[in-house]
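Read top to bottom, the protein sequences are chains A and B. Under our numbering, the first residue of the first sequence carries the number 380, and numbering increases by one thereafter. Under our numbering, the first residue of the second sequence carries the number 380, and numbering increases by one thereafter. Quick reminder that beta carbons are idealized off the backbone N, C-alpha and C, glycines included. Small disclaimer: the values here were computed from a predicted structure and weren't measured. Everything on this sheet refers to the single structure shown next.
2 protein chains.
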Amino acid sequence: MLDIFKEIREDLQVLEKELHRVIEHQDPFLNQTSSHLLDAGGKRLRPAFAFLSAKFYNYKLKSVLPLAVALELIHMASLVHDDVVDSAMTRRGVPTVKANWGNRVSMHVGDLIFAKSLIMIAQYQKTPLVAQVLSQISVKMCEGEMQQISSVYQSQQSVKDYLYRVQHKTALLIAASCQLGAVACGASKEIYLPLRRYGYQIGMAFQITDDVLDMGADQKKLGKPIGGDLRQGIITLPVVYALKKSPDRKRLIELIEKTNKTEAEVSEAIDLISKCGGIDYANQVVERYIVKAKNELNYLPNIPAKQTLLIIADFIKYRKF
Amino acid sequence: MLDIFKEIREDLQVLEKELHRVIEHQDPFLNQTSSHLLDAGGKRLRPAFAFLSAKFYNYKLKSVLPLAVALELIHMASLVHDDVVDSAMTRRGVPTVKANWGNRVSMHVGDLIFAKSLIMIAQYQKTPLVAQVLSQISVKMCEGEMQQISSVYQSQQSVKDYLYRVQHKTALLIAASCQLGAVACGASKEIYLPLRRYGYQIGMAFQITDDVLDMGADQKKLGKPIGGDLRQGIITLPVVYALKKSPDRKRLIELIEKTNKTEAEVSEAIDLISKCGGIDYANQVVERYIVKAKNELNYLPNIPAKQTLLIIADFIKYRKF
């Protein structure tokens with residue numbers, strides 16, 4: 380991703396320092412637990428979108444930096460809480476906070492990281508849209524999580540149910556990253572609305588791709604074991620498709636609804652899903668979102684950041700990690 | 380408490396309706412889980428402090444209502460997260476699906492309730508102090524929780540360690556309730572600083588009293604079993620005192636550090652703590668905080684709300700539930 384982001388590379392380095400400054404804690408236990416995920420690195424996708432979007436109007440790093448930090452903190456907090464929920468033992472290739480310290484600590488570390496995002500957001504007194512949008516989205520992210528919990532291992536799900544989750548869990552925060560990056564620098568609706576829509580489509584494409592990768596990517600590159608969603612009973616787009624179209628539908632339902640799948644059963648499920656075209660279907664849906672995302676950029680001026688946003692859109696479908 | 384609050388009884392009724400409106404959800408599962416705690420009732424102490432404090436300057440219900448709702452939501456969210464127990468460390472195999480599901484839901488319900496408080500707070504665009512103070516305090520509340528986790532079953536604790544927890548977990552939010560109630564109605568420092576200090580002292584007194592009640596209050600009135608803190612390894616003020624002063628210090632350390640106490644051991648510990656004056660000592664500390672709280676009210680004009688705040692201060696030491 381580094382080459383794609385060359386335009387904002389220095390700003391991403393400043394972000395990294397600022398993230399460390401905000402997360403660091405004088406208490407060693409607090410410092411260790413809350414720095415843990417930060418040290419594992421990450422793509423910093425949401426801050427990058429905020430920076431790039433800010434380029435469309437009176438870009439000033441100091442105007443957009445607290446927002447960029449807040450976005451990454453919100454994302455990180457949700458990852459830490461996801462790990463409590465998902466019983467995930469590794470994330471970004473390293474053991475999760477939960478694996479090291481247990482559920483209770485994970486929960487409070489997530490709360491702490493999220494609360495720190497609020498201190499960042501409180502700095503935007505003059506652009507109240509920042510707090511308004513991010514508070515609304517925080518609610519929706521929880522609603523997405525709750526819907527996921529109540530739908531695990533349930534084979535009777537529609538594409539709409541799945542898209543609701545992707546929208547709430549991922550797309551809305553990426554949409555907000557693009558929107559608010561511009562808002563933080565004072566941009567008006569003509570600029571920030573197309574950016575928000577671009578972010579929304581990209582977010583949908585990004586998450587669906589993520590779900591497809593969970594079905595067959597190289598485990599080392601992904602940094603987590605494949606088939607994780609299936610094991611946890613999370614029904615993703617290829618599965619929804621296959622549950623309708625597979626000639627081995629009965630067997631697939633059996634496998635999907637089983638709460639403790641063996642390795643062999645996970646592999647068998649992935650084979651059935653792939654064979655009937657579930658993964659191809661999901662990739663086509665991704666393609667449609669990417670086309671829509673790129674179309675939104677037509678409403679924006681031709682600046683280098685626009686070229687970068689176009690490249691990111693195309694990159695999504697080729698990414699392998 | 381109803382008589383004490385007669386001045387704001389109608390406003391508390393409006394608050395109750397507003398809390399329901401904010402918490403209610405069209406999804407039945409989400410509605411059921413997030414309304415659960417709300418339906419159990421509560422003293423609504425933080426909203427009450429916000430209302431009473433607002434009386435000191437240009438009181439308007441609509442100015443202070445979103446804040447009052449936010450304060451109760453923040454408190455409720457912290458209660459829900461407090462109830463999440465550690466299931467990651469379960470011995471001899473995996474926790475039941477049901478137990479695990481319970482924790483996951485609790486965590487996300489807590490997150491959801493907290494996120495809804497942010498929507499309320501985002502309405503105070505013209506009084507940025509509201510978001511600034513509450514974001515700072517949210518961080519401190521997490522720090523208090525983390526300190527508590529890292530100090531359970533540890534008999535080597537100072538009064539200072541204990542007071543840090545009480546401050547972070549309880550006093551700061553009550554201080555903010557008093558401060559921001561006035562701030563929301565446009566009051567200046569001359570009004571809101573004494574109120575904040577009053578709230579801080581009251582918050583300390585309130586939590587220490589709570590901890591004392593956990594050692595011997597009537598179980599039915601309290602609505603939860605006594606000795607809960609001891610069982611969970613949480614070291615409260617009477618314990619800190621007794622661990623220094625008890626003639627049976629060695630036995631007490633043994634009991635305190637034991638992670639699975641029998642009923643008899645809990646009773647024995649409470650007896651040892653009480654016998655050496657631990658509970659009397661804690662009550663004296665409460666008394667000192669109450670005196671300080673009442674002194675702060677000298678800086679404020681003589682209005683009926685001031686009389687109510689005085690009565691609340693005196694009520695704390697007599698409460699039995």
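Within chain B, partners of residue i - CB distance below 7 Å
{"i": "A:Asp490", "result": "His460, Cys521"}
{"i": "A:Met701", "result": "The structure shown has nothing for residue 701 of chain A, since chain A only spans 380 to 700."}
{"i": "A:Gln511", "result": "Ala501"}
Where residue i meets chain A, residues with beta-carbon distance less than 8 Å
{"i": "B:Leu559", "result": "Those do not exist, as B:Leu559 stays about 13 Å from chain A at its closest Cβ, beyond 8 Å."}
{"i": "B:Met525", "result": "Asp406, Phe408, Leu409, Thr412, Val484, His487, Val488, Leu491"}
{"i": "B:Gln515", "result": "Ile498"}
{"i": "B:Gln686", "result": "Near B:Gln686 there are no residues of chain A at all, since even the closest Cβ is about 34 Å away, more than 8 Å."}
Inter-residue CB distance, residue i and residue j (contact presumed, cutoff 8 Å)
{"i": "A:Ile570", "j": "A:Ala561", "result": "5 Å"}
{"i": "B:Leu689", "j": "B:Leu676", "result": "6 Å"}
{"i": "A:Thr687", "j": "A:Glu386", "result": "6 Å"}
{"i": "A:Tyr543", "j": "A:Gln526", "result": "6 Å"}
{"i": "A:Cys557", "j": "A:Tyr577", "result": "6 Å"}
{"i": "B:Leu444", "j": "B:Val512", "result": "About 18 Å separates the two Cβ atoms, so there is no contact after all."}
{"i": "A:Ala648", "j": "A:Leu631", "result": "7 Å"}
N-terminal and C-terminal residue of the alpha helix (DSSP H) that residue i is part of
{"i": "A:Ile691", "result": "683-697"}
{"i": "A:Glu395", "result": "388-402"}
{"i": "B:Ala449", "result": "440-462"}
{"i": "A:Cys557", "result": "551-563"}
{"i": "B:Cys715", "result": "Outside the displayed range of chain B (380 to 700) lies residue 715 of chain B, so it cannot be described from this structure."}
{"i": "B:Ser413", "result": "407-418"}
{"i": "A:Ala566", "result": "Premise fails: A:Ala566 is in no alpha helix (DSSP H) and is neither H nor E."}
{"i": "A:Asp490", "result": "482-500"}
{"i": "A:Arg425", "result": "424-433"}
{"i": "A:Gln663", "result": "657-675"}
{"i": "B:Asp540", "result": "538-545"}
{"i": "A:Ser646", "result": "642-654"}
{"i": "A:Lys629", "result": "628-636"}
Neighbour list for residue i in chain A, Cβ cutoff strictly below 7 Å
{"i": "B:Ser537", "result": "The contacting residues do not exist; B:Ser537 stays about 15 Å from chain A at best."}
{"i": "B:Val518", "result": "Leu491, Ala494, Lys495, Ile498"}
{"i": "B:Gln611", "result": "What B:Gln611 touches in chain A: nothing, since even the nearest Cβ is about 11 Å away."}
Residue i and residue j closer than 7 Å at C-beta
{"i": "B:His547", "j": "A:Met486", "result": "no"}
{"i": "A:Arg483", "j": "B:Ile528", "result": "yes"}
{"i": "A:Ala672", "j": "A:Gln580", "result": "yes"}
{"i": "A:Ala555", "j": "A:Ile669", "result": "no"}
{"i": "B:Val665", "j": "B:Thr549", "result": "no"}
{"i": "A:His454", "j": "A:Arg425", "result": "yes"}
{"i": "B:Leu488", "j": "B:Ile500", "result": "Contrary to the premise, residue 488 of chain B reads as Val rather than Leu in this sequence. No, the Cβ-Cβ distance between B:Val488 and B:Ile500 is not below 7 Å."}
{"i": "A:Asp490", "j": "B:Cys521", "result": "yes"}
{"i": "A:Leu409", "j": "B:Ser517", "result": "no"}
{"i": "B:Asp608", "j": "B:Asp627", "result": "no"}
{"i": "A:Leu446", "j": "A:Leu559", "result": "yes"}
{"i": "B:Phe493", "j": "B:Ala449", "result": "no"}
{"i": "B:Ser534", "j": "B:Ile635", "result": "yes"}
{"i": "B:Lys434", "j": "B:Ala684", "result": "yes"}
{"i": "B:Val545", "j": "B:Gly606", "result": "no"}
{"i": "A:Gln536", "j": "A:Val619", "result": "yes"}
{"i": "A:Trp566", "j": "A:Tyr436", "result": "The residue asked about is misnamed: residue 566 of chain A is Ala in this sequence, not Trp. Yes, the pair counts as a contact, with Cβ atoms nearer than the cut-off."}
{"i": "B:Leu452", "j": "B:Lys495", "result": "yes"}
{"i": "B:Gly582", "j": "B:Ala621", "result": "no"}
{"i": "B:Pro507", "j": "A:Gln504", "result": "yes"}
{"i": "A:Leu572", "j": "A:Ser432", "result": "no"}
Proximal residues of chain B, C-beta to C-beta of residue i below 9 Å
{"i": "A:Val545", "result": "Neighbours of A:Val545 on chain B: none; closest Cβ ~17 Å, over 9 Å."}
{"i": "A:Ile528", "result": "Phe408, Trp480, Arg483, Val484, His487"}
Neighbour list for residue i in chain B, Cβ cutoff strictly below 8 Å
{"i": "A:Ser442", "result": "What A:Ser442 touches in chain B: nothing, since even the nearest Cβ is about 17 Å away."}
{"i": "A:Pro507", "result": "Ala501, Gln504"}
Practice task
Jot down the residue ranges of each uninterrupted alpha helix (DSSP H) in the region 572-623 of chain B, minimum 4 residues, whole runs only, in chain order.
Solution key: 598-601, 607-611
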